[in-house]
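Single-structure report; data block below.
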Amino acid sequence: MKHINIALVATIISIFSLSSCIKQTYDNPGDLSNVDPNLNVNVNIKDLSFLVLGTNNSFVLGDSIISGIVTADDRTGNFYKQIVIQDSTGGITIGIANTYLYSNYPIGRKVYIKLKNLTLVCYKGTPEIVYSLNSSGTVNGIPPTLQDSFIVKASYPHTVTPQSVRMSDLIAQGPLYINKLITIVDGEIDSSFLNQPYAKPSSVAISTSVPLDGCVGGTKTGQITLYNSGYASFFNAMLPSGYGSITGIFNVYGSTNQFMIRDTSDVRLNQTRCY
Numbered sequence: 000m001k002h003i004n005i006a007l008v009a010t011i012i013s014i015f016s017l018s019s020c021i022k023q024t025y026d027n028p029g030d031l032s033n034v035d036p037n038l039n040v041n042v043n044i045k046d047l048s049f050l051v052l053g054t055n056n057s058f059v060l061g062d063s064i065i066s067g068i069v070t071a072d073d074r075t076g077n078f079y080k081q082i083v084i085q086d087s088t089g090g091i092t093i094g095i096a097n098t099y100l101y102s103n104y105p106i107g108r109k110v111y112i113k114l115k116n117l118t119l120v121c122y123k124g125t126p127e128i129v130y131s132l133n134s135s136g137t138v139n140g141i142p143p144t145l146q147d148s149f150i151v152k153a154s155y156p157h158t159v160t161p162q163s164v165r166m167s168d169l170i171a172q173g174p175l176y177i178n179k180l181i182t183i184v185d186g187e188i189d190s191s192f193l194n195q196p197y198a199k200p201s202s203v204a205i206s207t208s209v210p211l212d213g214c215v216g217g218t219k220t221g222q223i224t225l226y227n228s229g230y231a232s233f234f235n236a237m238l239p240s241g242y243g244s245i246t247g248i249f250n251v252y253g254s255t256n257q258f259m260i261r262d263t264s265d266v267r268l269n270q271t272r273c274y
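Residue numbers (numbering that gives the first Met the number 0): 0 to 274.
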């Protein structure tokens, strides 16, 4: 494993607009504040990700800091022991060996990540920041006792607007979208999975891979996999049968292009099917 100290990168992290309405629910963090510690961010997420993207490399990171807004958490259980954050340049997964992460790092929370002694890895094709890497290639998330040492909470809530993309462009330019919050504008569930739930229960399967098709003018333009966990709170909800848009996080697992929603509210497939 190599050790590097990331060079200072002159990138201004975009600060996303403060939401005008705070939803008072159990899963919101206790400190709804505008306090920002303004740590010195000296590398952007895109440059960090591209150090390992498309490689088998891993690095123990040097004394640098990134910042971003949480775009995916574990509230519904479709994401597990990880959050995804995004700045103005890209997104990255943060592996944390803990659950109920949404109580501290809900969608919309700004966070700073102190990178020193964390590990950057391209795990199965997706860049991820973790605590360490095992000799077998598996990863260890940041231990709960060290969360506050590496992850600094900042203001909440912020809004990240997903980038709209057609399925054909997503497939052709996949590396540009990995770990980013995007909206596929021309999607529908493959006809082979109609009238089925999002996932089989966890007692049967850990996850279910659902084919998600792109379609324009009655012509199929490509297909990726909609990954749904058997532990997700919405696992037994029925997949929609229509055509439209679907929002979530794009990633890669081996040779498979995957898409993960945060909740069923991300799915707006309510138009007449394309084909």
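Here a beta-carbon is modelled for each residue, glycine too, at the ideal position from N, C-alpha and C. From a predicted model like this one, the values you see are computed outputs, not experimental measurements.
### Between the CA atoms of Gln257 and Lys294 - distance to the nearest angstrom
Nothing can be reported for residue 294: it is not among the residues displayed for the chain, which extend from 0 to 274.
### Task
Pull up the distance between the alpha-carbon of Asn39 and that of Gln222, whole angstroms please.
Working through the sequence shown from its first residue, we reach residue 39 at position 40. Working through the sequence shown from its first residue, we reach residue 222 at position 223. Approximately 41 Å between the Cα atoms of the pair.
### Query
Measuring CA to CA, which of Tyr104, Ser154, Thr125 is closest to Tyr37?
Taking the first residue of the sequence shown as position 1, residue 37 is located at position 38. Note that residue 37 corresponds to Asn in the displayed sequence, not to Tyr. Closest by alpha carbon: Ser154.
### Message
Using only CA atoms, which one of Gln81, Leu119, Leu169, Pro156 lies nearest to Phe249?
### Response
Sequence index remark: in the sequence shown, residue 249 carries index 250 (1-based). Selected option, being the one with the closest Cα: Leu169.
### Rounded separation between Val266 and Tyr252 - CA only
Along the sequence shown, one-based indexing puts residue 266 at 267. Along the sequence shown, one-based indexing puts residue 252 at 253. Distance between the alpha carbons of Val266 and Tyr252: 22 Å.
### Message
Please list the terminal residues of the continuous alpha helix (DSSP H) segment that includes Asp46.
### Response
Taking the sequence shown and counting its residues from 1, the one referred to as residue 46 is at position 47. Per DSSP, Asp46 is one residue of the alpha helix (DSSP H) stretching across 44-48.
### Residue interval of the beta strand (DSSP E) (run including Phe258)
Within the sequence shown, numbered from 1, the residue matching residue 258 stands at position 259. From DSSP, the beta strand (DSSP E) with Phe258 extends over 255-259.
### Message
Please list the terminal residues of the continuous beta strand (DSSP E) segment that includes Ser167.
### Response
Counting from 1 along the sequence shown, the entry for residue 167 is found at position 168. First-last for Ser167: 166-171, but that is the alpha helix (DSSP H), not the beta strand (DSSP E).
### Task
Can you tell me which of the three DSSP states Ser276 falls into?
In the structure as shown, the chain begins at 0 and stops at 274. Residue 276 is therefore absent and cannot be evaluated.
### Message
Please report the straight-line C-alpha distance between Ile260 and Ser63, rounded to a whole angstrom.
### Response
Reading the sequence shown from its first residue, position 261 is the one you call residue 260. Reading the sequence shown from its first residue, position 64 is the one you call residue 63. Rounded to the nearest angstrom, the two C-alpha atoms are 30 Å apart.
### Task
Work out the CA separation of Val209 and Thr60 for me, nearest whole Å.
Along the sequence shown, one-based indexing puts residue 60 at 61. Along the sequence shown, one-based indexing puts residue 209 at 210. At residue 60 the sequence reads Leu, which differs from the Thr that was named. Distance between the alpha carbons of Leu60 and Val209 is about 36 Å.
### Message
Suppose the cutoff is 8 Å on Cβ atoms and the five residues either side in sequence are ignored; what does the same chain contact list for Asn139 look like?
### Response
Your numbering for residue 139 matches position 140 in the sequence shown. The beta carbon of Asn139 is closer than 8 Å to those of Gly94, Ala96, Val129, Tyr130, Ser131, Leu132, Asn133 in its chain, skipping five residues each way along the sequence.
### Query
On the three-state DSSP scale, how would you describe Thr263?
Position 264 of the sequence shown, counting from 1, holds the residue named residue 263. The answer is helix: DSSP assigns Thr263 an H, G or I state.
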